[in-house]
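Residue numbers (the numbering used here): 228 to 478. Cβ coordinates follow ideal geometry from the N, Cα and C atoms, glycine included.
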């Protein structure tokens, strides 16, 4: 789930040992839940039964190859697209690929971007684009409704991919001010990432530390919720764009 960015080197022996120890200490039920195996197995069986494939084992192979490649989410219902971190990232990548020829500086509304996303997932909810519009208006300091395509796409990605993480971080802010001391907020964020990184997508601790440092309000060291979101949406390491696309592979 936190594969977009890792707070430890990918091939660090100590990190690898820690991950191995965690994995092998899981019960069967925990293992299935952590890797969302039930989502894919149930969906694969449902599709095979719906299609009544003559060679069902080949149908299974094709299904899981599609999951590995990432084209399994095209025109699927939102419940499935949203079901796992892998599905969300695959859908975001698909949207970036589909619209990579749009000029990143082209002005549009969040509703325009929503219409584009809906072509790939017809029942995609408006919630993420509504929240993106609110965030972009607050960040710009005015009530304009048109923003560069790149900014809308980035904000939408952050709100969609990291929705659970953002919700838990927002809960740390006092409702009356939505601002918090940087050190206190970073402590809370570390706790969320360390305890929840297997449950949903989280940025790395090092990235969040950098984002908070940039978002801190001058010498007061206070961070507002809006600045935090703006910092995440401006972090290239968290965003998939056309320049980050690479050929799909089944390996």
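Item to check | Which of helix, strand or coil DSSP assigns to residue 298 | outcome: coil
Item to check | Under the three-state DSSP convention, the category residue 373 falls into | outcome: coil
Item to check | residue 400 CB to nearest heavy atom of the ligand ZN below 7 Å | outcome: Although the ligand ZN was asked about, the structure shown includes no ligands whatsoever.
Checklist entry - CB residue 307 to CB residue 300, shorter than 8 Å? => result yes
Checklist entry - Is it buried or exposed for residue 359, if we count other Cβ within 10 angstroms and need 16 for buried? => result buried
Next on the checklist: If the criterion is Cβ atoms closer than 8 Å, does the pair residue 392 and residue 427 meet it?
Outcome noted: yes
Next on the checklist: Given this structure, state the Cα-to-Cα distance separating residue 456 from residue 468, to the nearest angstrom.
Outcome noted: 18 Å
Next on the checklist: Can you confirm whether the segment 281-289 touches the segment 395-413 when touching is taken to mean that 3 or more C-beta pairs between the two stretches lie within less than 8 Å?
Outcome noted: no
Checklist entry - What separation, rounded to the nearest whole angstrom, lies between the Cα atoms of residue 348 and residue 377? => result 20 Å
Checklist entry - Taking the C-alpha atoms as reference points, what is the distance between residue 406 and residue 451? => result 4 Å
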